[in-house]
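Protein chains: 4
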Amino acid sequence: MAETVRPTFLNLPEDKQARIIEAALSEFADKGYQQASLNVIVAHSGIAKGSLYQYFTDKAGIFLYVFDFAIAVVRRLLVQVKDSTLEEDFFTRLERSLLAGLAFIRQHPKIYGIYLKILFDQQVPQRQELLQRVRQYAADYLHSLLRQGLARGELRPDLPVASTVFLLDALLDRFLQAASIPAFDVVLGLDQANAQVLHTRARELLEVLRRGLAAPPPPANL
Amino acid sequence: MAETVRPTFLNLPEDKQARIIEAALSEFADKGYQQASLNVIVAHSGIAKGSLYQYFTDKAGIFLYVFDFAIAVVRRLLVQVKDSTLEEDFFTRLERSLLAGLAFIRQHPKIYGIYLKILFDQQVPQRQELLQRVRQYAADYLHSLLRQGLARGELRPDLPVASTVFLLDALLDRFLQAASIPAFDVVLGLDQANAQVLHTRARELLEVLRRGLAAPPPPANL
Amino acid sequence: MAETVRPTFLNLPEDKQARIIEAALSEFADKGYQQASLNVIVAHSGIAKGSLYQYFTDKAGIFLYVFDFAIAVVRRLLVQVKDSTLEEDFFTRLERSLLAGLAFIRQHPKIYGIYLKILFDQQVPQRQELLQRVRQYAADYLHSLLRQGLARGELRPDLPVASTVFLLDALLDRFLQAASIPAFDVVLGLDQANAQVLHTRARELLEVLRRGLAAPPPPANL
Amino acid sequence: MAETVRPTFLNLPEDKQARIIEAALSEFADKGYQQASLNVIVAHSGIAKGSLYQYFTDKAGIFLYVFDFAIAVVRRLLVQVKDSTLEEDFFTRLERSLLAGLAFIRQHPKIYGIYLKILFDQQVPQRQELLQRVRQYAADYLHSLLRQGLARGELRPDLPVASTVFLLDALLDRFLQAASIPAFDVVLGLDQANAQVLHTRARELLEVLRRGLAAPPPPANL
DNA sequence: AATGAATGAGAATTCATTCAT
DNA sequence: GATGAATGAATTCTCATTCAT
Numbered sequence: 001m002a003e004t005v006r007p008t009f010l011n012l013p014e015d016k017q018a019r020i021i022e023a024a025l026s027e028f029a030d031k032g033y034q035q036a037s038l039n040v041i042v043a044h045s046g047i048a049k050g051s052l053y054q055y056f057t058d059k060a061g062i063f064l065y066v067f068d069f070a071i072a073v074v075r076r077l078l079v080q081v082k083d084s085t086l087e088e089d090f091f092t093r094l095e096r097s098l099l100a101g102l103a104f105i106r107q108h109p110k111i112y113g114i115y116l117k118i119l120f121d122q123q124v125p126q127r128q129e130l131l132q133r134v135r136q137y138a139a140d141y142l143h144s145l146l147r148q149g150l151a152r153g154e155l156r157p158d159l160p161v162a163s164t165v166f167l168l169d170a171l172l173d174r175f176l177q178a179a180s181i182p183a184f185d186v187v188l189g190l191d192q193a194n195a196q197v198l199h200t201r202a203r204e205l206l207e208v209l210r211r212g213l214a215a216p217p218p219p220a221n222l
Numbered sequence: 223m224a225e226t227v228r229p230t231f232l233n234l235p236e237d238k239q240a241r242i243i244e245a246a247l248s249e250f251a252d253k254g255y256q257q258a259s260l261n262v263i264v265a266h267s268g269i270a271k272g273s274l275y276q277y278f279t280d281k282a283g284i285f286l287y288v289f290d291f292a293i294a295v296v297r298r299l300l301v302q303v304k305d306s307t308l309e310e311d312f313f314t315r316l317e318r319s320l321l322a323g324l325a326f327i328r329q330h331p332k333i334y335g336i337y338l339k340i341l342f343d344q345q346v347p348q349r350q351e352l353l354q355r356v357r358q359y360a361a362d363y364l365h366s367l368l369r370q371g372l373a374r375g376e377l378r379p380d381l382p383v384a385s386t387v388f389l390l391d392a393l394l395d396r397f398l399q400a401a402s403i404p405a406f407d408v409v410l411g412l413d414q415a416n417a418q419v420l421h422t423r424a425r426e427l428l429e430v431l432r433r434g435l436a437a438p439p440p441p442a443n444l
Numbered sequence: 445m446a447e448t449v450r451p452t453f454l455n456l457p458e459d460k461q462a463r464i465i466e467a468a469l470s471e472f473a474d475k476g477y478q479q480a481s482l483n484v485i486v487a488h489s490g491i492a493k494g495s496l497y498q499y500f501t502d503k504a505g506i507f508l509y510v511f512d513f514a515i516a517v518v519r520r521l522l523v524q525v526k527d528s529t530l531e532e533d534f535f536t537r538l539e540r541s542l543l544a545g546l547a548f549i550r551q552h553p554k555i556y557g558i559y560l561k562i563l564f565d566q567q568v569p570q571r572q573e574l575l576q577r578v579r580q581y582a583a584d585y586l587h588s589l590l591r592q593g594l595a596r597g598e599l600r601p602d603l604p605v606a607s608t609v610f611l612l613d614a615l616l617d618r619f620l621q622a623a624s625i626p627a628f629d630v631v632l633g634l635d636q637a638n639a640q641v642l643h644t645r646a647r648e649l650l651e652v653l654r655r656g657l658a659a660p661p662p663p664a665n666l
Numbered sequence: 667m668a669e670t671v672r673p674t675f676l677n678l679p680e681d682k683q684a685r686i687i688e689a690a691l692s693e694f695a696d697k698g699y700q701q702a703s704l705n706v707i708v709a710h711s712g713i714a715k716g717s718l719y720q721y722f723t724d725k726a727g728i729f730l731y732v733f734d735f736a737i738a739v740v741r742r743l744l745v746q747v748k749d750s751t752l753e754e755d756f757f758t759r760l761e762r763s764l765l766a767g768l769a770f771i772r773q774h775p776k777i778y779g780i781y782l783k784i785l786f787d788q789q790v791p792q793r794q795e796l797l798q799r800v801r802q803y804a805a806d807y808l809h810s811l812l813r814q815g816l817a818r819g820e821l822r823p824d825l826p827v828a829s830t831v832f833l834l835d836a837l838l839d840r841f842l843q844a845a846s847i848p849a850f851d852v853v854l855g856l857d858q859a860n861a862q863v864l865h866t867r868a869r870e871l872l873e874v875l876r877r878g879l880a881a882p883p884p885p886a887n888l
């Protein structure tokens, strides 16, 4: 893989690096790859136009770097949620994951924004690969939850695993989209995307899932 | 709301209108709003650049017009699927809807493409409103299916309707996305997005849903 | 071969075309291909930057067009000199050619300049091909002169034709270079490249050639 | 004349100097003066960008220094060829010079390349002067050969010396150009510029020259 | 003496929009 | 009503040179 970041950037004082990453992240999240303007990024970073090219090979280089940065943040979250809920049962873990996701996009809206932008933008460099990385994280995460749930007998043993991963992924991802795109309120049945209602809605959804996925209770007389 | 299309356009011979709509639809579906080039559109329509501005107010005007056009096509499909399955039970209607959707994006990839492009593009004019219209159609459609299913006793009577609409919408929409975006293979559990496997997967998913949503069978001894 | 000029340019009023060709020719002759600045060309033509791209596909397109234009001028000269000296003997034709060349570069210094620039500039688009066209004209021209001279018995019949073409080409071309590049005065034996001395020098050179190439006089006693 | 090289450079270890000269020579020979990039030079030299400005005043300074260096190499060759052929007759010396030239450009293509690049590039600093130095060497060299040939009676006594120097210079220089620029094949009468054919062609040319320049043989009966 | 980060002017190219014909 | 030439601001990227450390 070709280099994208120059050592010059990594030698920069941390706060300067942070300012640049922040500016680039904002711009890419706002406009997508092609439409993002390096002029805007340098203006917000307070650096000269030429400097950007001392730091990165080109526009794609900047993008790939901030994307990597963003992915690292997400991955850290997933690992942390997974580890901190190891003892919980499947449905609790699912709920905790969903709530953690909601909290994350509220705290890092640009990171979620950059992912959404890339989803359907053909022009993004190495898009196929970037998307697969993200989706793979999600799929692995859900697989892991499912396996544990099955092992513990919390889920119907005849569950078609692949389809269930897909279903959960669609649901979780869309739920997060709905939380960031007001237009989705209508399919969420909300008048307004406010946090309180979202949480209620989340619990109802999990209830539906529980019915569809959970193992039947043991016969009463046993 | 300001005018977007000029009467001049509507007085044009139908085939000329069609050529222009087709060219614009292709370009917007391919590149998204900002990235679409009017030069490409006029080149493909075989009209002069200046003429475009006799027909529409500006770029946004063209976009909004073809988007309306696309929505009308979708709406016609939904109505038709709804009407032609009135007699079926809920789960059959759902399956037929999903298959109709798959057939539609294979037949009208540009229309589906323009929707996907707009989903997360902040720069699209009146995006909020356009998206709401689309999502509203889907929500209404699913509500209608659900209501009939409940009325006929095919679904658990205690189903939280709004959450279920959301769940179904997420699932159907994501399923269609997966059919057009190879990167989703991984969460679909596919090695390759081929039509045969997609149909199998669709049936498995519906089975999970049936378990989660269907009314319990009446007690045997009654 | 890809298009380089757009019809737009050819539809322009002739004086506007002429101003643009003139400006481009000047700039390319002055700076060579890569170093030439489109900014300078538009400034001298008095047109907007964007207009250049309505007229030509890109920088290479502009260059190739003015090069073609220049070649056409040169070719017209060669044809005219050739035709107007058909009755003369070989050495007279050579002298007339040399003088015509001197007159030409004095009248069209930019056309000669663009040729010189391209000679050693690796970056020129289609350089190999362009150069070959120019050299081929010269070679054909000299071949034609030589053939006639041989046919008329004005030249030694044992003359190695290819080598002689090369020798004449080198001499004529270098002579013209010397006339445009003062630094060559030193190998021309001039203190100053003034027209009078150049003509004298030309005649001396032709004398040397005559001795080397002319057929020996017939035996005296015949 | 303003200083171009700084003492700092001359105090550098010889191998470091050599690396820098080599890198600069390569770049200038490859791209010409303006198009050459100091970035490339520092990258190939393995020194820091700032250091270049400790060693030389500016880009022109670097160029002039390596040009001087290149000229010194050429001059050494000329002296050596001249001295090692003192005993030969004029035409042999000429042939040996031509072959030495061919060998030289094969061995030092960059030095010959930098000369070719500069020949017609108006932007080169002090171009006029640099070119004159080079041409002066060639003229002096040929003058010296001619004088000796005349003194020994190997050449027609009525030879116009200045014109002959010009003729020889044109021929030799163009021959070398032809050896490096494929486009010249056509005036050399070659299908392919291969070394074997070049040598044959060289001998034919010298034969033509011999006829034009050599003194007539003494009357047989004396 | 050596470094390498910073700079900003200038390069080629694109494009929505206007307007005279 | 139709045309298509004209525009200029915006785009990404390069590069010689400066200067604080």
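Residue numbers (the working numbering), protein chains in the order written: chain G, 1 to 222; chain D, 223 to 444; chain Z, 445 to 666; chain S, 667 to 888. Just so you know, even glycine gets a beta-carbon here, dropped at the ideal spot from N, CA and C. Remember, predicted model here, so these are calculated numbers, not experimental data.
Nearest to residue i (by Cα), restricted to the options the options
i              : options                           : result
residue 401(D) : 365(D), 422(D), 373(D) and 242(D) : 422(D)
residue 515(Z) : 467(Z), 574(Z), 539(Z) and 502(Z) : 574(Z)
residue 798(S) : 656(Z), 473(Z), 470(Z) and 630(Z) : 630(Z)
residue 646(Z) : 677(S), 869(S) and 831(S)         : 831(S)
residue 838(S) : 673(S), 761(S), 820(S) and 732(S) : 761(S)
residue 535(Z) : 619(Z), 482(Z), 612(Z) and 508(Z) : 612(Z)
residue 678(S) : 720(S), 696(S), 701(S) and 699(S) : 720(S)
residue 684(S) : 704(S), 731(S), 847(S) and 818(S) : 731(S)
residue 20(G)  : 69(G), 35(G), 128(G) and 3(G)     : 69(G)
residue 449(Z) : 632(Z), 656(Z), 493(Z) and 505(Z) : 505(Z)
residue 807(S) : 777(S), 821(S), 841(S) and 747(S) : 747(S)
residue 375(D) : 300(D), 420(D) and 437(D)         : 437(D)
residue 420(D) : 322(D), 397(D), 225(D) and 379(D) : 397(D)
residue 821(S) : 763(S), 875(S) and 714(S)         : 875(S)
According to DSSP, residues forming a beta bridge with residue i
i              : result
residue 214(G) : 155(G)
residue 449(Z) : 500(Z)
DSSP three-state assignment for residue i, whether helix, strand or coil
i              : result
residue 62(G)  : helix
residue 705(S) : helix
residue 347(D) : coil
residue 308(D) : coil
residue 363(D) : helix
residue 330(D) : coil
residue 403(D) : coil
residue 415(D) : No answer about residue 415(D) holds up, because its pLDDT of 49 lies below 50 and its placement is not dependable.
residue 464(Z) : helix
residue 490(Z) : coil
- Message: For the pair the region 338-350 of chain D and the region 116-129 of chain G, tell me if three or more CB-CB distances fall below 8 angstroms.
- Response: yes
- Item | Residues in the region 776-790 of chain S having any Cβ partner in chain Z nearer than 8 angstroms | 782, 783, 785, 786, 787, 788 and 789
- Task: Assess, as a yes-or-no matter, whether the region 586-605 of chain Z is touched by the region 813-826 of chain S under the definition of 3 or more beta carbon pairs within less than 8 angstroms.
- Result: no
- Inter-stretch contact at 8 angstroms, needing at least 3 Cβ pairs: the region 74-88 of chain G / the region 155-163 of chain G: no
- Message: Three or more C-beta pairs under 8 angstroms: does that hold for the region 127-140 of chain G against the region 99-106 of chain G?
- Response: no
- Message: Can you pull out the residues from the region 468-489 of chain Z whose beta carbon lies closer than 8 angstroms to at least one beta carbon of chain S?
- Response: 474, 475, 476, 478 and 479
- Taking a Cβ distance cut-off of 8 angstroms, strictly less, list which residues of the region 642-662 of chain Z are near chain S, in chain order. 645, 648, 649, 651, 652, 653, 655, 656 and 657
- Message: Three or more C-beta pairs under 8 angstroms: does that hold for the region 20-34 of chain G against the region 42-53 of chain G?
- Response: yes
- Message: Please list, in chain order, the residues of the region 596-611 of chain Z that have any C-beta partner in chain S closer than 9 angstroms.
- Response: 600, 603, 604, 605, 606, 607, 608, 609, 610 and 611
- Closer than 7 angstroms, Cβ to Cβ, to anything on chain G: give me those residues from the region 347-375 of chain D, in chain order. 350, 353, 354, 357, 358, 360 and 361
- Residues in the region 611-622 of chain Z with C-beta within 8 angstroms of chain S's C-beta atoms, listed in sequence order? 611, 613, 614, 615, 617, 618, 619 and 622
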